[in-house]
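Here's the structure, in structure tokens; my notes come after.
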Amino acid sequence: MPILGSRGAAAASAFGFTSGGIALEVDYLLVAGGGAGAQGFNGGGGGGGMRTSFPGGTKTLLVAPVTNITAGTGGAAPPAGTNQQPAQVGENSDIGGTIQSSGGGTGGSWQSASYPNRLNQNISGGSGGGSNQGVGGGAPGGNLGGAGNKGGYSPSEGNDGGASGSNYSASGGGGAGSVGQNATGGNSGPAGNGGSGSGSAILGPSTTYAGGGGGSPRYSGVPVGSGGSGGGGSGKNSDGPTSAIGTPGSDGLGGGGGGSFYSNSGPVPGSNGGSGIVVVRIPAATAPGTLSVAPGTNSLATHPSGDKICTFTVDGTLSL
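Per the numbering used here: the sequence shown = residues 15 to 334.
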């Protein structure tokens, strides 16, 4: 088990530890849960906030024998119903309460004078949700997407969702790599694509995470918004109680859910955001022989370099 050196002791003092305690410097990747996509001509959810130190960034410290890890779950989709319920933001991911990333924002919900109880919101998050459309008759004339980088981190954990004007299709949720695309071309124009995710090679091969969900159009047959790279779900443009449901964000990647289409066959639910992931990479020179992770759904592997890679796809613990 590592003992504090002069550098480690100074860094760990902020946590109330003195010489002889634990101070293990590790690289990390945190991807929070993606936001849910909304119902009825609606915006895509934002990708989960993504933060990483690898390669070359500032490492974080493990300063306890057992560290609690939260791998953020994806935002829950609103159920089917005449009066919409809000889509849910993704859950934050966290390492020991010392560093975290923010869950993705929700896709905005359609609202009009005919349906005043429908929720018209775009919520900020790691990446913001894509905006809904306003449909005349006293409804909002146009909407901005939700704001990204909710945690105010530098570098940013994510990007804003796209905007939509009055009688436009819905826009895409933001991703870790780029903003969500605005809906264009009026009420028969295409929906906005989800923002792209961002890549990380902390596991070895590069993987793209935290893509935004695509928006859904106003009319059937109009092009949908595609999900952003990194697990973003696509919007839908088909009528039907199941074919109108947006594609969920990908689990383990923190993708935002795609916007669902309005169905004349009956109300449909929105789409779930994808769950996130937490990775802790411990240098070979300092990795303790007693290292373990729990529960068994999570994994501990050895990289060809000798580094130990602890991967969490569900909440768990890392023991030194």
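Where a beta carbon is used, it is the ideal one built from N, C-alpha and C, also for glycine. A quick note: this is a predicted structure, and the numbers were derived from the prediction, not measured.
Once you ignore the five residues that flank glycine 150 on each side, which residues in its own chain have a CB closer than 6 Å to its CB?
Reliability fails at glycine 150, whose pLDDT of 34 lies under 50, so the model's placement of it is uncertain and the value that follows must be treated cautiously. Here the set comprises nothing.
Beta-carbon gap between glycine 63 and alanine 91 smaller than 7 Å
no
Rounding to the nearest angstrom, what Cα-Cα distance links glycine 241 and isoleucine 113 in this structure?
28 Å
Just curious, the beta strand (DSSP E) that glycine 270 is in, first and last residue?
Element bounds for glycine 270: n/a, residue is neither H nor E.
Straight-line CA distance for alanine 52 to tyrosine 276?
10 Å
Compute the Euclidean distance between the alpha carbons of aspartate 41 and glycine 70, then round it to the nearest angstrom.
9 Å
DSSP three-state label for asparagine 201, please.
helix
According to DSSP, what are the bridge partners of glycine 66?
A quick correction: the sequence has threonine, not glycine, at residue 66. Partner(s): Leu43.
Asparagine 82 burial status per 10 Å Cβ neighbour count (16 or more: buried)
exposed
Check whether the Cβ atoms of glycine 160 and glycine 175 sit closer than 7 Å, and answer yes or no.
yes
Proximity below 7 Å, CB of glycine 287 to CB of glycine 59:
yes
Starting from the Cα of glycine 273, find the closest Cα among Ile323, Ser185 and Gln102 and give me that residue.
Ser185
What residue does the beta strand (DSSP E) around phenylalanine 326 start on, and which one ends it?
322-326
Going along the chain, which residues of its own chain have a beta-carbon closer than 7 Å to the beta-carbon of isoleucine 137, five neighbours each way excluded?
Val103, Gly119, Thr120, Gly143 and Gly160
If alanine 197 and glycine 188 are in contact, beta carbons under 8 Å, what's the gap, nearest whole angstrom?
Between glycine 188 and alanine 197 the Cβ distance is about 14 Å, and since that is not below 8 Å, they are no contact.
Less than 7 Å between the C-beta atoms of glycine 249 and glycine 211, yes or no?
no
Measuring straight from C-alpha to C-alpha, what distance separates lysine 164 and glycine 194?
15 Å
Quick check on alanine 190: buried or exposed, where buried means 16 or more other Cβ atoms within 10 Å of its Cβ?
buried
Straight-line CA distance for serine 170 to arginine 65?
8 Å
Do you know offhand how far histidine 317's Cα is from lysine 73's?
18 Å
Just to confirm my understanding: we take serine 67, look at its own chain, exclude 5 residues before and 5 after, and list those with CB closer than 6 Å. What are they?
Asp41, Tyr42 and Lys73
Reference tyrosine 223, options Thr304, Gly269, Val294 and Ser313, closest by Cα
Gly269
Using the rule of at least 16 other Cβ atoms within 10 Å of the residue's Cβ for burial, across every protein chain shown, is asparagine 278 buried or exposed?
exposed
So threonine 327 and glycine 266 are supposed to be a Cβ contact under 8 Å. How far apart are they, rounded?
5 Å
Where does the unbroken beta strand (DSSP E) through glycine 213 begin, and where does it stop?
212-214
Please state if the CB of serine 107 and the CB of valine 292 are separated by a distance shorter than 7 Å.
yes
Going by beta carbon distance, what residues of the same chain come within less than 8 Å of threonine 331, once the five residues before and after it are set aside?
Val80, Thr81, Asn82, Ile83, Val307 and Ala308
Given a cut-off of 7 Å on the beta-carbon distance, is the pair asparagine 157 and serine 168 in contact?
no
For leucine 217, which three-state DSSP category applies?
coil
In three-state terms, what does DSSP make of isoleucine 259?
coil
Can you tell me whether arginine 295 is helix, strand or coil according to DSSP?
strand
Please report the residue range of the beta strand (DSSP E) in which valine 103 lies.
Looking at the DSSP string, valine 103 is not in any beta strand (DSSP E), and its letter there is neither H nor E.
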